[in-house]
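With the sequence shown counted from 1, adding 4 to any position gets you my numbering. Idealized CB from N, CA, C, for every residue including glycine. From a predicted model like this one, the values you see are computed outputs, not experimental measurements.
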Amino acid sequence: MDTVIVIGGGAAGLMACGVLSKRHEKVVLIEHNSLLAKKVRITGKGRCNITNDADISEFFQNIPTNPKFLYSALYSFTNEDTKRFFEDMGVPVKTERGGRIFPVSDNANDAAEALVRWALQKNVRRIKASADRLLIDEGHICGVQLSDGRKMEGESLVLATGGMSYPLTGSDGSGYRLAREAGHTVTPLKPSLIPIETKETWPHELAGLSLRNISLRVYGRKKVYEDFGEMLFTHFGVSGPVVLSASAHMRRFDKEEYSLEIDLKPALAEDKLDRRILRDFEKYSNKQIKNSLDELLPKALVPVVIELAKIPPDKAVNSVTKEERHRLVTVLKALPLTVRGFRPIKEAIITAGGVSVKEIDPSTMESKIVRGLYFAGEIIDVDAYTGGYNLQIAFSTGHLAGENA
Ligand SMILES: Cc1cc2nc3c(=O)[nH]c(=O)nc-3n(C[C@H](O)[C@H](O)[C@H](O)COP(=O)(O)OP(=O)(O)OC[C@H]3O[C@@H](n4cnc5c(N)ncnc54)[C@H](O)[C@@H]3O)c2cc1C
5 MDTVIVIGGG AAGLMACGVL SKRHEKVVLI EHNSLLAKKV RITGKGRCNI
55 TNDADISEFF QNIPTNPKFL YSALYSFTNE DTKRFFEDMG VPVKTERGGR
105 IFPVSDNAND AAEALVRWAL QKNVRRIKAS ADRLLIDEGH ICGVQLSDGR
155 KMEGESLVLA TGGMSYPLTG SDGSGYRLAR EAGHTVTPLK PSLIPIETKE
205 TWPHELAGLS LRNISLRVYG RKKVYEDFGE MLFTHFGVSG PVVLSASAHM
255 RRFDKEEYSL EIDLKPALAE DKLDRRILRD FEKYSNKQIK NSLDELLPKA
305 LVPVVIELAK IPPDKAVNSV TKEERHRLVT VLKALPLTVR GFRPIKEAII
355 TAGGVSVKEI DPSTMESKIV RGLYFAGEII DVDAYTGGYN LQIAFSTGHL
405 AGENA
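1. Bridge partners of L220, per DSSP?
2. Which first and last residues belong to the alpha helix (DSSP H) in which P245 is found?
3. With a cut-off of 8 Å on the beta carbons, I'd call F106 and R51 a contact; round off their distance for me.
4. Do the region 164-176 and the region 211-225 make contact, defined as three or more Cβ pairs closer than 8 Å?
5. If you drop the 5 nearest sequence neighbours on each side, which residues of the same chain put their C-beta closer than 8 Å to that of D278?
6. Express the C-alpha separation of K30 and T189 in angstroms, rounding to a whole number.
7. Near K194, what residues of its chain come up, given a Cβ to Cβ distance below 6 Å and the 5 sequence neighbours on each side ignored?
8. Evaluate the contact criterion for the region 260-274 versus the region 334-349: three or more CB pairs, one atom per stretch, below 8 Å.
9. Pick from A186, S289, T82 and G103: whose alpha carbon is nearest that of I373?
10. Just to confirm my understanding: we take R129, look at its own chain, exclude 5 residues before and 5 after, and list those with CB closer than 8 Å. What are they?
11. Just mark V108 as buried or exposed, buried being the case when its beta carbon has 16 or more other beta carbons within 10 Å.
12. Check for me: the alpha helix (DSSP H) holding Q292 runs from which residue to which?
13. Nearer than 7 Å: is that true of the beta carbon of T99 relative to any heavy atom of ligand 1?
14. How would you label E370, buried or exposed, when you count the other beta carbons within 10 angstroms and need 16 or more for buried?
15. Measure how close the beta-carbons of D385 and T191 come, nearest whole angstrom, since I'm counting them as under 8 Å.
16. Given a cut-off of 8 Å, decide if A304 and L377 are closer than it, judged by their beta-carbon atoms.
17. Do I237 and L213 have their C-beta atoms closer together than 8 Å?
18. Pairing CB atoms from the region 141-159 with CB atoms from the region 17-24, are three or more of them under 8 Å?
19. If you draw a straight line from the C-alpha of A398 to the C-alpha of A16, how long is it?
20. With distances taken from CA atoms, which of V321, K287, E286 and E35 is nearest K294?
21. Could you spell out where the beta strand (DSSP E) holding M156 opens and where it closes?
22. Just to confirm my understanding: we take P302, look at its own chain, exclude 5 residues before and 5 after, and list those with CB closer than 8 Å. What are they?
23. Any heavy atom of ligand 1 within a distance shorter than 7 Å of the CB on G392?
24. What does DSSP give as the partner residue(s) for D141 in the beta ladder?
25. Where do the N-terminal and C-terminal ends of the alpha helix (DSSP H) with T401 fall, by residue?
26. Could I get the ranges of all uninterrupted alpha helix (DSSP H) runs contained in the region 47-111, with 4 residues as the minimum, in chain order?
27. Could you check where the alpha helix (DSSP H) with Y180 kicks off and where it finishes?
28. Specify, as a first and last residue, the run of the alpha helix (DSSP H) that K326 falls within.
29. Taking DSSP as the reference, what is the three-state secondary structure of A211?
30. Under 8 Å between the Cβ atoms of P340 and S249?
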């Protein structure tokens with residue numbers, strides 16, 4: 005009898021499973037976690053940014069790696085389809101800043117449970133086990149061997165084992181090994197959407213301090229990124245939404261060094277900021293400079309800024325020179341940091357790199373090397389910026405693989 009196997013009960017695998025269950029008598033879902041959709045439940049800080057409202061051309065601009073490969077997948081199951089899918093499954097959605105779409109309930113578990121309900125139809129058999137080896141006969145998939153030695157037979161198989169970040173959610177990278185053993189090329193795996201380690205150590209002392217409404221600029225040989233938002237100092241450097249997004253634009257560590265500039269006052273042009281500081285200086289003219297900036301900056305940041313502006317901290321405000329004040333403005337508009345590197349891949353939101361798209365048929369997700377083998381989700385060498393694009397990639401490729409497997 006016609007059996008299809010899906011390995012991986014995450015966003016992509018569950019989508020594939022639900023689609024397959026409409027077309028096949030027997031679907032087997034193999035997932036080594038007890039809990040299905042474990043990663044989905046922690047997405048979007050527990051709110052699950054399921055997709056983005058962007059029109060399709062903007063969608064592709066948010067996918068830096070192999071966007072063309074995703075044309076068929078994203079056109080055959082669009083962001084509108086994702087919205088409708090969740091609404092139909094009883095999860096109403098809403099749109100927020102930047103087109104980000106979330107469940108109205110702000111609860112990622114609602115999205116995860118809807119996916120699980122969709123996947124576990126009555127002809128789907130769920131097996132809690134780890135897939136250890138793909139069984140291939142004369143270039144055609146014929147099943148999978150589990151780590152307990154059991155063999156499952158199937159005429160086709162969807163490999164949707166995710167990346168290798170946040171391994172506690174189950175995506176331990178074992179799928180890449182399965183793909184390699186099946187003859188596939190796996191392009192170098194790198195973290196993306198990842199906190200940044202800085203060469204400077206002063207951020208370490210500010211660990212826990214978060215800054216809202218800052219603007220972050222990233223320079224390689226030229227400016228590669230600029231955005232406005234929220235960031236966080238940590239014991240290794242910097243993190244937070246705008247930093248994670250920035251990291252996805254630093255892709256040439258082999259060729260370039262990167263530096264950051266934090267504009268602490270993006271709403272004020274330099275001359276306006278200077279006038280604002282002058283007002284504060286008049287108000288606190290008899291204080292020391294280190295005690296005069298509390299209205300302008302978080303207290304913990306004041307000594308850092310004064311030092312970088314090369315002003316003696318004990319200097320009386322009324323004797324600060326014009327040059328010193330200008331240096332202060334410059335630091336406030338462009339607080340400099342040097343990038344040492346990224347945190348380890350297990351801390352990344354996304355794994356960049358994966359099964360080479362040259363070896364996958366983009367219109368079906370079928371392997372060009374092993375007949376009957378399909379790929380879906382983060383295991384493929386595609387990745388996107390933040391904003392709901394990565395889950396949409398998982399849903400679209402999962403849907404397409406499900407329709408064709
Ligand atoms: C903290 C965090 C927040 C995120 N927030 C967002 C967001 O808001 N919006 C967004 O678009 N994206 C977000 N992402 C990214 C998004 O979650 C992933 O891109 C997406 O889940 C990938 O789906 P997937 O099905 O390919 O992989 P996964 O969801 O990782 O699923 C893979 C599954 O395969 C199972 N598996 C792996 N190997 C085996 C094996 N050998 N045998 C059996 N089972 C196996 C794993 O246990 C896992 O359940 C976030 C990621 C993280 C880490």
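The short version:
1. D231 and I266
2. P245 to S251
3. 5 Å
4. no
5. R329, H330 and V333
6. 30 Å
7. A356 and G357
8. yes
9. A186
10. K30, V31, V32 and L33
11. exposed
12. First-last for Q292: undefined, no H or E at that position.
13. no
14. buried
15. 5 Å
16. no
17. Here the sequence assigns Phe to residue 237, which means Ile is not the residue at that position. Taking 8 Å as the Cβ cut-off, F237 and L213 qualify as a contacting pair.
18. no
19. 4 Å
20. V321
21. K155 to E157
22. L213 and L215
23. yes
24. H144
25. Y393 to N408
26. 47-50, 60-65, 75-80 and 83-92
27. S178 to E185
28. K326 to K337
29. coil
30. no
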